[in-house]
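Peer 1: Please see the structure below; I have some questions.
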Amino acid sequence: MASMEKEPIPDKGSTAGRIMVALDFGSGEEAMRVIRQLQGIPCWLKVGMELYYAAGPEFVRELKQLGHRVFLDLKLHDIPNTVRGAARSIARLGVDMFNVHAAGGLRMMEAALEGVRDAAAEGVPAPVVIAVTQLTSTDQTVLNEQIGIPGTMEEAVLKYASLAREAGLHGVVASSREVRRLKRELGAGFLAVTPGIRPEGSDRGDQARVMTPREAFAEGADYIVIGRPITRAPDPRQSLLDVITSVESPH
Numbered sequence: 001m002a003s004m005e006k007e008p009i010p011d012k013g014s015t016a017g018r019i020m021v022a023l024d025f026g027s028g029e030e031a032m033r034v035i036r037q038l039q040g041i042p043c044w045l046k047v048g049m050e051l052y053y054a055a056g057p058e059f060v061r062e063l064k065q066l067g068h069r070v071f072l073d074l075k076l077h078d079i080p081n082t083v084r085g086a087a088r089s090i091a092r093l094g095v096d097m098f099n100v101h102a103a104g105g106l107r108m109m110e111a112a113l114e115g116v117r118d119a120a121a122e123g124v125p126a127p128v129v130i131a132v133t134q135l136t137s138t139d140q141t142v143l144n145e146q147i148g149i150p151g152t153m154e155e156a157v158l159k160y161a162s163l164a165r166e167a168g169l170h171g172v173v174a175s176s177r178e179v180r181r182l183k184r185e186l187g188a189g190f191l192a193v194t195p196g197i198r199p200e201g202s203d204r205g206d207q208a209r210v211m212t213p214r215e216a217f218a219e220g221a222d223y224i225v226i227g228r229p230i231t232r233a234p235d236p237r238q239s240l241l242d243v244i245t246s247v248e249s250p251h
């Protein structure tokens with residue numbers, strides 16, 4: 001494919017280096033077809049539950065051997081000892097970032113960092129660890145009436161994010177709608193990774209709290225996560241380049 005032979009796009013704090021492409025596929029072969037089309041664009045690759053459970057840790061190792069930056073999105077949520085062991089195993093894969101669920105509590109998040117330190121003692125580079133606050137598919141009704149958490153969505157997200165910072169984590173996964181307040185109250189250096197991003201004109205799908213890439217970065221997002229609008233597009237490479245252009249365009 002001709003597009004795969006293009007010169008790599010330099011990553012010097014570029015927009016591309018702040019975009020995570022969500023590889024929501026049921027096999028490594030499907031995911032690799034898209035990855036090949038994105039060759040040379042220095043985006044991150046996000047491996048979630050569907051792909052990880054289908055292709056396993058070897059697929060993650062392969063991505064790292066190919067030089068990709070990988071965010072492993074498994075949302076660890078278990079007793080502290082189990083999370084510590086899982087975090088140690090994940091760090092050994094060489095991923096650049098992974099997450100836990102803040103709902104697991106302070107001790108569980110601290111245990112994740114202990115697992116990372118266990119792996120670091122073996123000479124393994126330490127990945128960034130972030131916490132999920134509330135899923136971007138969750139709306140106010142689900143939060144209050146189904147999950148049973150009182151208050152506004154913003155208050156719930158801030159509570160979880162504050163707990164993650166107390167535990168020593170590097171940041172959170174949160175909707176871009178909450179980023180501005182998170183940055184104001186928890187500091188500009190506390191990372192915000194924002195899913196639920198939809199380029200102008202894209203189908204919202206199952207996302208309830210969405211923004212365009214340009215809007216999300218304007219709110220202060222450090223990284224944005226985009227899946228289907230890129231990976232299911234007729235030309236994933238061009239779709240990603242269009243997103244980059246939409247962010248960098250002066251208008």
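Residue numbers (my numbering): 1 to 251. Where a beta carbon is used, it is the ideal one built from N, C-alpha and C, also for glycine.
1. Could you name each continuous beta strand (DSSP E) segment of 3 residues or more that falls completely within the region 158-232, going from the start of the chain to the end?
2. Strictly by DSSP, which residues pair up with residue 105?
3. Alpha carbon to alpha carbon, what distance is there between residue 141 and residue 212?
4. Just confirm the distance between the C-beta atoms of residue 83 and residue 45, as a whole number of angstroms; I'd bet it's less than 8 Å.
5. Which same chain residues end up closer than 6 Å to residue 176 when comparing Cβ atoms and leaving out the 5 residues on each side of it in sequence?
6. For the alpha helix (DSSP H) holding residue 69, just list the boundary residues, first then last.
7. Is the distance from the Cβ of residue 81 to the Cβ of residue 131 below 8 Å?
8. Just the Cα atoms here: how many angstroms apart are residue 109 and residue 32?
9. From residue 7 to residue 35, what distance separates their C-alpha atoms?
10. Spatial neighbours of residue 162 within its chain, please: C-beta separation below 7 Å, excluding the five flanking residues on both sides.
11. In three-state terms, what does DSSP make of residue 79?
12. What number of angstroms, rounded off, separates the C-alpha of residue 61 from the C-alpha of residue 122?
13. With DSSP as the reference, please indicate the residues paired to residue 99 in a beta bridge.
14. Note down the Cα distance separating residue 206 from residue 157, rounded to an integer number of angstroms.
15. Comparing the C-beta of residue 126 with each C-beta of chain B, is any distance below 8 Å?
16. At which residues does the alpha helix (DSSP H) containing residue 243 begin and terminate?
17. Taking the alpha-carbon positions, what's the residue 9 to residue 41 distance?
18. Drop a sphere of 10 angstroms on the beta-carbon of residue 239, count the other beta-carbons inside from all chains shown, and report buried for 16 or more, exposed for fewer.
19. What residues are listed by DSSP as bridge partners for residue 46?
20. Keeping to the same chain, check which residues put their C-beta closer than 6 Å to that of residue 95; ignore five residues upstream and five downstream.
21. In three-state DSSP terms, what is residue 38?
Peer 2: In short:
1. 171-173, 191-194 and 223-226
2. Sequence index remark: in the sequence shown, residue 105 carries index 105 (1-based). According to DSSP, residue 105 bridges with nothing at all.
3. Against the sequence shown, residue 212 aligns to sequence position 212. Against the sequence shown, residue 141 aligns to sequence position 141. Each residue's alpha carbon lies about 23 Å from the other.
4. Locating residue 83 in the sequence shown gives position 83, counting from the first residue. Locating residue 45 in the sequence shown gives position 45, counting from the first residue. The pair is not a contact, with the Cβ atoms about 23 Å apart (cut-off 8 Å).
5. Against the sequence shown, residue 176 aligns to sequence position 176. By the criterion of a C-beta distance shorter than 6 Å, residue 176 is surrounded in its chain by 194, 211, 216, 219 and 221, once the five residues flanking it on both sides are discounted.
6. Counting from 1 along the sequence shown, the entry for residue 69 is found at position 69. That residue, residue 69, is in no alpha helix (DSSP H); its beta strand (DSSP E) goes 69-76.
7. Indexing the sequence shown from 1 puts residue 81 at position 81. Indexing the sequence shown from 1 puts residue 131 at position 131. No, Cβ-Cβ distance for residue 81 and residue 131 is not below 8 Å.
8. Here residue 109 is taken as the residue at index 109 of the sequence shown, counted from 1. Here residue 32 is taken as the residue at index 32 of the sequence shown, counted from 1. The straight-line gap from Cα to Cα measures roughly 32 Å.
9. By one-based count along the sequence shown, residue 7 stands at place 7. By one-based count along the sequence shown, residue 35 stands at place 35. Because residue 7 carries a pLDDT of 38, less than 50, the predicted location of this residue cannot be relied on, and the following value inherits that uncertainty. Distance from the CA atom of residue 7 to the CA atom of residue 35, rounded to whole angstroms, is 16 Å.
10. Residue numbering aside, residue 162 sits at position 162 when the sequence shown is read from its first letter. Within the same chain, residue 162 has close Cβ partners 186.
11. For the purposes of this step, residue 79 is identified with residue 79 of the sequence shown, where counting begins at 1. Three-state DSSP puts residue 79 in coil, outside helix and strand.
12. On the sequence shown, residue 61 is found 61 positions in, with the first residue counted as 1. On the sequence shown, residue 122 is found 122 positions in, with the first residue counted as 1. Going by the C-alpha atoms only, they are around 17 Å apart.
13. Stepping through the sequence shown from its first residue, residue 99 is reached at position 99. BP columns for residue 99 point to 130.
14. Mapped onto the sequence shown, residue 206 falls at position 206. Mapped onto the sequence shown, residue 157 falls at position 157. Below a pLDDT of 50, predicted positions are generally treated as unreliable, and residue 206, at 49, falls in that range; the measurement from the model is reported next regardless. Their Cα atoms are separated by approximately 19 Å.
15. This model lacks chain B altogether; it includes just one protein chain.
16. The residue labelled residue 243 in the question sits at position 243 within the sequence shown. Start and end: 236-248.
17. One-based indexing of the sequence shown puts residue 9 at position 9. One-based indexing of the sequence shown puts residue 41 at position 41. The pLDDT assigned to residue 9 is 42, lower than 50, so where the model puts this residue is not dependable, and the model offers no usable value.
18. For the purposes of this step, residue 239 is taken as residue 239 along the sequence shown, with counting starting at 1. Result: buried.
19. Taking the sequence shown and counting its residues from 1, one reaches residue 46 at position 46. 22 and 71.
20. Numbered from its first residue, the sequence shown carries residue 95 at position 95. Cβ neighbours of residue 95 beyond the five flanking positions: 70, 72 and 127.
21. On the sequence shown, position 38 is the one that residue 38 refers to. Three-state result, residue 38: coil.
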